[in-house]
Amino acid sequence: MPEATSTLVGRLESLLRDSAERWPDRTAVEDPATDESLTYVELDELSDRHAEALRNVGVRAGERVGLAVPKRVDTVAWVFGIMKAGAAYVPVDPDAPAGRSRDIFVDCSVRAIVSNAALADALATGAVNGSAVDSCWGERTTVSEDVVLLGKGGRAEEEDFADDAGNDALAYILYTSGSTGKPKGVMHSHSTARAFVDWCSGMFDPTEEDRFSSHAPFHFDLSIFDLYVAIKHGGAVVLIGETSGKSPLQLAEIASDREISVWYSTPTVLRLMIDYGRMEGRDFGHLRMVFFAGEVFPIGHLRRLKEIWTEPRFFNLYGPTETNVCTWYEVPARLPDDRLDPVPIGRPSSGDVCRVVDPSGTTVAPGEEGELVVAGGSVMLGYWSRPDRTAEATLVDAEGVSWYRTGDVVREDDGGDYVFLGRRDRMVKRRGYRVELGEIESALYRHDEIVEAAVVATPDDESGVLVTAFLTWSGEDKPSLIKLKQHCAQNLPAYMVPDAFVTVDDLPKTSTDKIDYQRLRADVVRS
Amino acid sequence: MSEIQSTVKSYVLEEFLPGESPDAMDNSTPLISSGILDSLSTIKLVSFLEEQFNVQFEAHEISRENLDTLDLIAATVESKRHG
């Protein structure tokens with residue numbers, strides 16, 4: 000049914016079609032947890048069938064489809080199937096609270112949801128804008144043992160396909176933590192994704208012999224590299240699922256036994272592998288490139304990793320979800336012994352242009368601190384249905400060029416590389432994920448007995464960032480920490496649950512009667 | 000409460016829930032599914048169990064099914080000691 004699906008060059012799914020022609024029998028994707036795998040031609044055909052199933056529940060080009068399933072071989076076929084149907088995929092964490100995922104699907108009004116029976120039940124328990132979820136996605140179609148489609152609507156007509164599914168059409172929406180408690184949807188088109196993917200082709204020379212780790216979940220933007228750079232070049236995507244992804248022992252096993260040649264993960268994951276992965280004595284001989292991103296890699300840990308993995312080249316990739324990867328840095332083969340600071344985030348990538356600006360938007364002198372702003376092909380289209388937020392995050396200069404404001408404070412070093420210094424707002428990185436402290440506060444306020452909540456983040460040697468919640472409490476008894484953590488776990492993804500809770504009589508206030516976060520941070524550091 | 004449960008309970012309270020009343024936690028309080036232990040703290044707990052009770056965990060055994068409550072932890076450790 001080629002007329003029913005996209006054949007446009009330049010879209011992400013065309014990478015799969017091309018590779019399926021060129022390397023039909025090579026392994027495209029494999030899952031060490033289940034020992035399942037698909038060749039390129041099998042993945043291409045399976046995703047064609049999934050595209051057809053989506054059209055049968057009414058999905059049309061230009062629409063959105065939710066993806067709420069664990070990471071498996073078949074999930075990759077759904078990612079491509081959704082795009083082949085001309086739609087954009089909206090992946091969520093299958094382990095996150097169902098209410099948060101439901102809010103996301105409602106926010107971008109997905110036409111259908113790819114899910115499984117258990118998750119579909121959890122998603123269906125609740126109301127949307129006052130009406131039952133069933134009225135939006137009430138009909139279930141069982142596709143296989145593991146997958147059900149939620150969606151209502153007859154088969155979509157096939158006219159106008161190309162108009163709504165060009166290279167500038169939406170490819171995916173990734174939701175990131177929002178400061179007011181509501182996640183916001185970062186929209187990327189096929190073109191903005193390809194700007195990064197195609198840059199990688201020229202810079203890193205991937206080949207069909209490469210075997211890529213796919214550690215990042217699909218709702219995390221590191222997955223864009225794993226999936227599309229591998230598929231474009233005929234390499235193998237080695238899936239690391241939700242369970243193995245958290246086990247340093249299994250990660251070390253996969254990296255060696257599955258002969259990974261290109262590894263990509265957050266520094267937190269690499270650090271856990273060094274400390275708990277029993278790396279000694281394993282053979283990592285196939286590894287040729289190690290990429291890390293998402294947060295700062297403390298130099299001591301990077302040094303230790305380079306002592307274990309002595310052969311591969313190491314790269315720091317930087318970029319908020321809004322820009323894909325917009326700067327890169329290759330770690331020198333030998334790190335100077337006297338280096339105490341983390342490695343730089345480097346210089347522009349993906350064809351992007353960067354500037355360092357002061358609060359008025361004027362470029363600062365080289366070497367001075369300022370906010371990093373980015374323009375170019377890999378920058379997002381905007382936030383889904385939030386033009387106000389998109390405008391806030393955009394700096395329009397005198398020439399009319401739009402720059403995405405990263406919120407990251409950097410300076411350019413003597414070698415022309417950008418160095419990350421910190422944030423200008425209340426966002427922190429935890430295990431590589433963005434966490435808006437305001438979103439944690441919103442979740443705490445959902446507790447009946449919490450009167451006031453203030454969440455602060457402080458540096459921590461072991462975990463990188465320590466998140467402490469200060470609370471004032473209306474209940475009679477002192478709140479149980481266990482109950483508070485349970486409350487958070489019901490409302491937030493696990494990586495957002497605070498490490499510590501402190502109950503106080505009153506939160507300290509500034510002279511303008513705002514919560515004095517500086518004093519709270521100082522309290523944490525002192526204790 | 001057996002020796003394993005009480006040793007692990009003291010460790011979890013001290014390490015991950017400082018200040019919490021011991022009464023708030025019993026042998027069937029969920030630890031992982033409730034958000035008390037995240038992935039990093041689960042790994043730390045396993046290291047503690049390995050050292051304290053002189054057992055070894057295989058990668059696939061580090062799971063909610065084996066570690067979610069004090070009772071499950073004790074059963075897992077017991078089976079390793081006698082297995």
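Residue numbers (numbering that gives the first Met the number 0), protein chains in the order written: chain A, 0 to 526; chain B, 0 to 82. Ideal placement from N, C-alpha and C gives every residue a C-beta, glycine not left out.
Counting only runs of 3 or more residues that sit fully inside the stretch 154 to 239 of chain A, the beta strand (DSSP E) segments are 169 to 175, 183 to 188, 210 to 213 and 235 to 238, in chain order. Between Gly375/A and Asp351/A, the gap from beta carbon to beta carbon is short of 8 Å. Only Leu16, Pro17, Gly18, Glu19, Ser20, Ala23 and Met24 from the stretch 15 to 26 of chain B bring a Cβ to less than 8 Å from some Cβ of chain A.
When Cβ-Cβ separations below 8 Å define contact, Asp67/B makes no contact with chain A. Interface residue (Cβ-Cβ distance to chain A less than 8 Å): Thr28/B is classified as such. Look at the stretch 233 to 294 of chain A and you find these whole runs of beta strand (DSSP E), each 3 residues long or longer: 235 to 238, 261 to 264 and 288 to 291.
Within the stretch 457 to 503 of chain A, the complete beta strand (DSSP E) runs of at least 3 residues fall at 463 to 472 and 499 to 502. Not a single CB atom of chain A sits nearer than 8 Å to the CB of Ile72/B.
Counting C-beta pairs closer than 8 Å gives fewer than three between the stretch 399 to 411 of chain A and the stretch 218 to 226 of chain A, which falls short of the contact rule.
Between Tyr432/A and chain B, the shortest Cβ-Cβ separation is not below 8 Å. Trp402/A has its alpha-carbon roughly 12 Å from the corresponding atom of Thr361/A. Neighbourhood of Leu48/B in chain A, by CB distance below 9 Å: empty, with the nearest CB roughly 13 Å away. Under DSSP, Met426/A forms a beta bridge with Glu435/A.
Take Glu14/B, set aside five residues on each side of it, and no residue of its chain has a beta-carbon closer than 6 Å to its own. Three or more beta-carbon pairs drawn from the stretch 111 to 119 of chain A and the stretch 134 to 154 of chain A are found closer than 8 Å, and the two stretches are therefore classed as touching. Excluding five sequence positions before and after Thr457/A, the CB atoms of its chain that fall closer than 8 Å to its own CB belong to Val464, Leu465, Thr467, Arg520, Val523 and Val524, given in chain order. Leu39/B reaches chain A at Lys245, Thr267, Leu271, Arg430, Glu461 and Ser462, counting residues in chain order whose Cβ is nearer than 9 Å.
Going by C-alpha positions, Met186/A is about 29 Å away from Leu37/A. Interface flag for Ser9/B against chain A is unset, since no Cβ pair is found closer than 8 Å.
Chain-order list of chain B residues neighbouring Ile481/A: Leu16, Glu19, Ala23, Met24, Thr28, Ser33 and Ile35, by C-beta distance under 8 Å.
Contact annotation: in the stretch 496 to 519 of chain A, residues whose CB is within less than 8 Å of a CB in chain B are Val496 and Ala499. Around the CB of Lys477/A, fewer than 16 other CB atoms lie within 10 Å, so the residue is classed as exposed.
As DSSP reads the structure, Cys353/A sits in a beta bridge with Val373/A. Val54/B and Val76/B do touch by the CB rule: their CB atoms are close to 6 Å apart, below 8 Å. Contact annotation: Asp24/A and Val40/A have beta-carbon atoms nearer than 8 Å. Residues of chain B whose Cβ lies closer than 8 Å to the Cβ of Glu252/A are, in chain order, Ala58. In the structure shown, the three-state DSSP call for Trp383/A is coil. At a cut-off of 8 Å between beta carbons, Ser5/B makes no contact with chain A.
By the rule that beta-carbons nearer than 8 Å mark a contact, Lys484/A touches chain B.
Chain-ordered, the chain B residues with CB closer than 9 Å to the CB of Tyr275/A read Ile42, Lys43, Val45 and Ser46.
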